[in-house]
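**Student:**
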Amino acid sequence: MTDETGSTHAGDTTPDRSFRVKLYKLDSEGTWEDQGTGYCIYKTGDEDEPDEIFVRSERDETTLLKSKILDLKEYHRQQETLIVWTEGAHVDLALSFQEADGCEHIWQRIQEKHENGQQLPPAISADSDTEDTPPIRESHEPDVLPPPELSNLSQIADILSNAKTIQEKDRLASFIVPESYVDKLIPLFKTCEDLESIDDLHKLYTIMKAIIMLNDNTIVEHIIHDDIYMDVMGMLEYNPDTPNTRTKHRAFLEKCAEIKPVVPIKDEVIISKLHQNLRLKYIKECVFANEVDDSLNSIVHSLTFFNHIDIVSSIQHDSELLSSVFDIFRDEENSTTERKTEGAKFILQFCSMAKCLQAAHRAGLYRELAPQGLFNVLAFALGAEEAHLRGSGVNVLMGMVELDVSFIRTQLTARIKKDGAEKSLMAIILDQFTKQHDPLLKTQYVEIVRLLLDLGGGPVLGNPMTTDTIRKTDPEAEEFLTLFYDNYGDDFLRPLAALDKKPMKLDGPIEILTLSQEQADLCVHICDLLCFAIRQHSFRSKYLVHSTDCLSKILQLYRCNRGYVKLAALRFFRACVGVMDGFYNQNLIKQNVFEPTIRVLLDTDGRNNLLNSACIEILEFIRKENIKPLVSHLVTQYGKVLDTVNYTGVCKALRLRYDQNIEMQETKTESDNASVNSQRGPGLGGWSSSTVDDDEEEYFNNSGDEEEETPSSPGATKPEEQQQQQQPTSTSSTSSTPKPLVDYDDDEEDEDDVPDNSTTQAEDKASNQDESTVPDESSKKVPTEEDATNEPPKENAVPSSDTPIPDRTPSPTPPSPSASLSSDTNDDNLPTLRRRRKHDDDGDEDDDVLAAKASKARKTRSPINKQQRKIIINPQTRKLRSNTTNQSE
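With full-length UniProt numbering, letter number 396 in the sequence shown gets 396, and the count goes up by one each step, no holes.
1. Take ASP200 as the anchor and find which of LYS25, ILE176, LYS184, SER151 has the nearest alpha-carbon.
2. Do LEU412 and VAL394 have their CB atoms nearer than 8 Å?
3. Rounded to a whole number of angstroms, what is the C-alpha to C-alpha distance between ASN626 and LYS652?
4. Does the separation of the CB atoms of ILE347 and ILE311 fall below 8 Å?
5. List the residues that DSSP assigns as beta-bridge partners of TRP85.
6. State the beta-bridge partners of GLN401 as determined by DSSP.
7. Would you identify the three-state DSSP class for HIS301, choosing helix, strand or coil?
8. Just mark LEU70 as buried or exposed, buried being the case when its beta carbon has 16 or more other beta carbons within 10 Å.
9. Please report the distance separating the alpha-carbon of PHE480 from that of ASP404.
10. Report the three-state DSSP secondary structure of ARG17 (helix, strand or coil).
11. Alpha carbon to alpha carbon, how far is THR467 from ASN587?
12. What does the Cβ neighbour count give for SER180, buried or exposed, with the cut at 16 atoms within 10 Å?
13. Since LEU430 and TYR488 are thought to touch, with beta carbons under 8 Å apart, how far apart are those beta carbons, to the nearest angstrom?
14. Determine whether the beta carbon atoms of LEU630 and ASN585 lie at a separation below 8 Å.
15. Quick check on the burial criterion: 16 or more other C-beta atoms within 10 angstroms. Buried or exposed for ASN673?
16. Going by beta-carbon coordinates alone, are LEU452 and VAL401 separated by less than 8 Å?
17. Can you tell me whether residue 890 is buried or exposed, with buried defined as 16 or more other CB within 10 angstroms of its CB?
18. Helix or strand or just coil, what does DSSP make of THR669?
19. Under 8 Å Cβ to Cβ from ARG599, same chain only, skipping five residues before and after it: list those, please.
20. Count the other CB atoms within 10 Å of the CB of THR860; is the residue buried (16 or more) or exposed (fewer)?
21. Just to confirm before moving on: does the CB-CB distance between GLU87 and LEU93 stay below 8 Å?
22. Taking PHE329 and ASN290 to be in contact with their CB atoms under 8 Å, please state how far apart those CB atoms are, rounded to whole angstroms.
23. Taking the alpha carbon of ILE166 as the point to measure from, which residue in PRO178, SER197, ASP216 has its own alpha carbon closest?
24. In this structure, does DSSP put THR410 in helix, strand or coil?
25. Please report the residue range of the alpha helix (DSSP H) in which CYS615 lies.
26. Determine the burial state of SER18: buried for a count of at least 16 other Cβ atoms within 10 Å of its Cβ, exposed for fewer.
27. With H, G and I counted as helix, E and B as strand and the rest as coil, what does DSSP make of GLY393?
28. How close, in whole Å, do the beta carbons of LYS68 and GLU52 come, if the pair is a contact with beta carbons under 8 Å?
29. Apply the 10 Å Cβ neighbour rule to GLN108 and answer buried if 16 or more other Cβ atoms are within range, or exposed otherwise.
30. Closest by CA to ALA569, which one among GLU193, THR597, GLY582?
31. Residues in the same chain with beta-carbon distance under 7 Å from THR14, minus the five sequence neighbours each way, listed in chain order, please.
32. For LEU513, does the three-state DSSP call read helix, strand or coil?
33. Should GLY578 and LEU611 be called a contact, given that it needs their Cβ atoms to be closer than 8 Å?
34. What span of residues does the alpha helix (DSSP H) with GLY383 cover, start to end?
35. Given that a residue counts as buried once 16 or more other Cβ atoms are within 10 Å of its Cβ, and exposed if not, what is HIS537?
36. To the nearest angstrom, how far is the alpha carbon of VAL292 from that of LYS284?
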């Protein structure tokens with residue numbers, strides 16, 4: 001905006017128009033600093049005074065600038081709105097006008113006053129520089145690059161080298177490609193080479209390097225075209241940093257960078273894109289190997305990426321080309337190893353380029369190539385002698401497994417069935433895994449095997465392995481696992497079979513196991529894969545452990561002098577403990593795994609390292625999860641040794657856990673015994689039934705033993721028993737045998753025909769008369785001799801050996817069924833079993849205690865209700881009665 005008021009300032013003799021401007025000052029770091037916005041006025045001085053440029057602030061009308069127009073100052077006009085000059089010795093100032101008319105007015109006044117009348121070069125027409133954009137000096141932002149000539153190569157090199165900021169580089173890059181500036185440099189390069197002008201060639205190198213380092217996509221894409229690429233590489237051969245040598249880029253590219261496809265490629269677009277990718281790679285990795293920055297690296301990657309998309313798309317739809325390549329592997333007779341090698345390189349490079357595609361498209365591509373023979377190519381590449389080819393094959397296979405492992409498992413299963421287990425791709429993978437010397441490739445093989453065996457799910461570490469945690473996978477995956485364990489389990493563990501078994505005791509020397517770096521890495525990978533299998537494959541891993549001696553072999557790794565190998569073996573045993581399965585617990589105890597493990601703990605000598613922490617952690621896990629077989633094994637076998645480990649409380653806590661388990665076991669045993677006794681009743685081992693009361697149950701418990709102890713004839717009675725039977729009591733009774741609880745008539749029907757808990761009307765009357773009253777032990781009548789002579793002795797089956805002995809004295813003859821119940825007999829007058837056993841006591845105090853408890857229970861028992869009641873008989877009672885009746889008959 002132009003102020004037309006012609007405002008003046010105190011002391012000014014000639015007023016002038018004012019223009020809105022921004023004042024900038026160049027700091028020591030080369031950055032223009034905004035000094036404020038105001039209004040600029042050109043003041044004409046007196047005859048003795050010079051003219052001035054005066055700027056006052058639009059905010060508070062303070063003076064921002066007061067600069068005298070002197071002959072010593074050099075003013076420059078840039079573009080249409082900038083005037084730049086140097087104030088004093090080291091202060092660079094600039095005025096940025098809002099309107100081009102204001103800049104033109106002030107510039108004309110300066111030219112009229114300036115004695116030299118220097119004319120500035122015409123300004124380039126730049127995009128709109130707003131008031132917020134600081135000015136750029138001419139030395140940092142040239143308007144244009146001059147036409148290339150031998151005389152101004154130094155000037156062009158300086159202009160390009162001094163472009164430091166992004167704005168400067170962008171403006172130069174936007175000028176080079178439209179003006180074909182690189183094409184104009186090529187004739188000069190050829191002239192300099194003909195003249196052998198080394199200095200000019202060094203300048204051309206500097207110019208071309210600076211052009212490439214502008215980091216513009218269009219420039220880089222332009223210089224890799226077929227018509228100018230070799231000349232550009234020629235300019236880059238003359239590096240001024242090495243003036244006495246010349247890098248022969250063109251000779252190398254002509255000799256080695258030429259593409260020789262294994263089969264003819266008819267599509268010119270594919271050939272052109274392949275050449276461009278090679279040139280981009282050569283620029284990045286050879287020409288500017290030590291000077292490439294992130295911007296240039298990003299440009300090369302971006303151009304290569306889009307070229308790959310075009311190449312893959314063209315080859316994928318060229319069925320004739322793909323068929324020609326795969327025919328090399330189908331025709332075994334006419335295809336040589338060299339030709340197969342070239343074909344494998346072509347296919348593997350094509351698959352590597354396919355990584356630029358999206359995952360779904362890449363998976364579709366692999367599925368299209370599989371029927372044509374992609375896995376035959378992979379099998380050849382993995383088993384090839386050329387290391388580079390094996391590496392390319394592993395990388396492609398790894399990408400395929402990560403992308404679509406289910407499809408790879410299906411293909412491997414089909415190849416095992418078709419080619420046999422020994423010649424399949426899976427056999428080649430495991431063979432290369434054990435033989436590979438490159439640690440990086442060996443790690444890739446391990447990851448491939450792990451991904452193939454990972455069906456997902458499985459028990460979490462530390463949780464028991466149950467049927468609910470076993471994976472539910474598709475049949476193809478389960479079939480692959482079955483084939484793997486059946487055919488390759490032993491091959492997978494073969495590297496461990498070479499380990500010798502040496503003893504590892506808690507004391508004494510241990511023979512050191514010396515392993516090379518490759519052997520140690522292989523053992524570590526096998527241990528890690530076994531850990532994975534134990535946690536994921538439940539019964540299959542158990543079969544592998546059971547059918548091989550891998551436990552004892554991995555145990556030998558404790559003898560290795562490499563700490564990380566010991567740690568790998570310890571991880572394996574930790575995984576066995578972690579699943580908390582009885583199978584592994586038994587095998588760990590059987591193979592005596594914990595003695596060498598404790599030896600490893602003792603050898604660490606309490607040092608705070610990873611191996612010591614891992615040993616303590618496995619003990620803590622056993623204690624925390626209370627794996628009782630392992631707790632008991634550790635404390636009983638190695639408790640005294642573990643007690644010496646006093647720098648941690650884990651061993652002490654482990655013994656405390658063992659004591660708690662023992663105490664709980666004893667308490668549980670007593671509780672179980674008490675529960676059994678309560679179920680048997682108050683007697684010594686009777687039945688427990690809700691339908692039979694205590695006295696009725698005691699009768700049936702005693703009846704079997706009575707018949708067992710009753711001899712078949714009076715003469716069969718032992719002398720001691722006869723002596724006890726002849727001892728008189730305080731009453732007039734001649735026998736101490738108690739009267740049965742229930743009397744039976746001889747003509748009683750078979751009880752098996754009588755329904756449970758019911759009798760006929762006649763039987764009810766008999767029950768009410770003879771069986772209704774259950775006598776107390778104090779009212780039991782001892783049968784007389786007359787009763788004994790009226791009834792022939794009964795023979796009954798001998799009860800089992802675990803039948804408890806009732807607390808009574810056997811009688812030589814069974815009681816009469818019709819004997820009457822008497823309430824005059826005192827229980828104290830009856831000879832008890834304990835009294836009989838006193839004569840032939842074996843000194844067992846436990847029997848004495850049990851007998852005393854039984855006697856006390858009888859004395860304290862309260863009399864039962866003597867009212868008439870119906871006795872409910874359960875099936876066991878009926879059976880016993882039936883047997884007794886049949887024998888009596």
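Positions of the beta carbon are idealized from the N, C-alpha and C atoms, including for glycine.
**Tutor:** Reading off the structure:
1. Residue mapping note: residue 200 aligns to position 200 of the sequence shown, counting from 1. Comparing Cα-Cα distances from ASP200 to each of LYS25, ILE176, LYS184, SER151, the minimum goes to SER151.
2. Residue numbering aside, residue 412 sits at position 412 when the sequence shown is read from its first letter. Residue numbering aside, residue 394 sits at position 394 when the sequence shown is read from its first letter. For LEU412 and VAL394, no; Cβs fall outside 8 Å.
3. If you number the sequence shown from 1, residue 626 lands on position 626. If you number the sequence shown from 1, residue 652 lands on position 652. Approximately 14 Å between the Cα atoms of the pair.
4. Mapped onto the sequence shown, residue 347 falls at position 347. Mapped onto the sequence shown, residue 311 falls at position 311. Not a contact, by the Cβ cut-off of 8 Å.
5. Within the sequence shown, residue 85 is the residue found at index 85, counting from 1. LEU93.
6. In the sequence shown, the residue the question calls residue 401 occupies position 401. It should be pointed out that residue 401 corresponds to Val in this sequence rather than to Gln. VAL401 is not bridged to any residue.
7. Numbered from 1 along the sequence shown, position 301 holds the residue referred to as residue 301. DSSP places HIS301 in helix when its eight states are reduced to three.
8. By one-based count along the sequence shown, residue 70 stands at place 70. Exposed, because fewer than 16 other Cβ atoms sit within 10 Å of the Cβ of LEU70.
9. Here residue 480 refers to the residue found at position 480 when the sequence shown is read from its first residue. Here residue 404 refers to the residue found at position 404 when the sequence shown is read from its first residue. Straight across, the Cα-Cα distance linking PHE480 with ASP404 is about 15 Å.
10. The count along the sequence shown starts at 1 and reaches residue 17 at position 17. If DSSP states are grouped into helix, strand and coil, ARG17 belongs with coil.
11. Here the question's residue 467 lines up with position 467 in the sequence shown. Here the question's residue 587 lines up with position 587 in the sequence shown. Because THR467 carries a pLDDT of 35, less than 50, the predicted location of this residue cannot be relied on, and no value is offered for it.
12. If you number the sequence shown from 1, residue 180 lands on position 180. SER180 comes out exposed.
13. One-based indexing of the sequence shown puts residue 430 at position 430. One-based indexing of the sequence shown puts residue 488 at position 488. Correct: roughly 6 Å between the Cβ atoms.
14. Numbered from 1 along the sequence shown, position 630 holds the residue referred to as residue 630. Numbered from 1 along the sequence shown, position 585 holds the residue referred to as residue 585. Yes, the Cβ-Cβ distance between LEU630 and ASN585 is below 8 Å.
15. The count along the sequence shown starts at 1 and reaches residue 673 at position 673. Under this definition ASN673 is an exposed residue.
16. Locating residue 452 in the sequence shown gives position 452, where the first residue counts as 1. Locating residue 401 in the sequence shown gives position 401, where the first residue counts as 1. Contact flag set, yes.
17. Residue 890 cannot be examined here, being either before or after the span of the chain that is shown, 1 to 889.
18. Counted from its first residue, the sequence shown places residue 669 at position 669. For THR669, the secondary structure class from DSSP, reduced to helix, strand or coil, is helix.
19. If you number the sequence shown from 1, residue 599 lands on position 599. These residues qualify, in order along the chain: MET504, LYS505, LEU506, ILE510, TYR558.
20. By 1-based counting over the sequence shown, the position of residue 860 is 860. Low confidence applies to THR860: its pLDDT is 48, below 50, so where it sits in the model is not reliable, and the reading given next is rough at best. When all chains shown are included, THR860 counts as exposed.
21. Counting from 1 along the sequence shown, the entry for residue 87 is found at position 87. Counting from 1 along the sequence shown, the entry for residue 93 is found at position 93. Yes, the pair counts as a contact, with Cβ atoms nearer than the cut-off.
22. As a working mapping, residue 329 is identified with position 329 in the sequence shown. As a working mapping, residue 290 is identified with position 290 in the sequence shown. Incorrect: roughly 41 Å between the Cβ atoms, too far for contact.
23. Taking the sequence shown and counting its residues from 1, the one referred to as residue 166 is at position 166. Closest option to ILE166, Cα to Cα, is ASP216.
24. Stepping through the sequence shown from its first residue, residue 410 is reached at position 410. The answer is helix: DSSP assigns THR410 an H, G or I state.
25. By 1-based counting over the sequence shown, the position of residue 615 is 615. Element bounds for CYS615: 610–625.
26. Position 18 of the sequence shown, counted from the first residue, corresponds to residue 18. Buried is the call here.
27. If you number the sequence shown from 1, residue 393 lands on position 393. Note: GLY393 maps to helix in three-state DSSP.
28. To locate residue 68, count along the sequence shown from 1; it is residue 68. To locate residue 52, count along the sequence shown from 1; it is residue 52. At roughly 5 Å, the Cβ-Cβ gap stays under 8 Å, so LYS68 and GLU52 are in contact.
29. Numbered from its first residue, the sequence shown carries residue 108 at position 108. Exposed is the call here.
30. To locate residue 569, count along the sequence shown from 1; it is residue 569. Nearest C-alpha to ALA569: THR597.
31. Position 14 of the sequence shown, counted from the first residue, corresponds to residue 14. Any answer about THR14 is weak, because its pLDDT of 47 lies below 50 and its placement is not dependable; what the coordinates show is given next. If we look at THR14 and ignore the five residues flanking it on each side, its Cβ neighbours are LYS43, THR44.
32. Position 513 of the sequence shown, counted from the start, is the residue given in the question as residue 513. Looking at LEU513 - three-state DSSP - the assignment turns out to be strand.
33. As a working mapping, residue 578 is identified with position 578 in the sequence shown. As a working mapping, residue 611 is identified with position 611 in the sequence shown. No, these two residues do not count as a Cβ contact at 8 Å.
34. Walking along the sequence shown from the start, residue 383 turns up at place 383. No alpha helix (DSSP H) holds GLY383; DSSP gives it neither H nor E.
35. The residue labelled residue 537 in the question sits at position 537 within the sequence shown. Buried, because 16 or more other Cβ atoms sit within 10 Å of the Cβ of HIS537.
36. Within the sequence shown, numbered from 1, the residue matching residue 292 stands at position 292. Within the sequence shown, numbered from 1, the residue matching residue 284 stands at position 284. Distance between the alpha carbons of VAL292 and LYS284 is about 7 Å.
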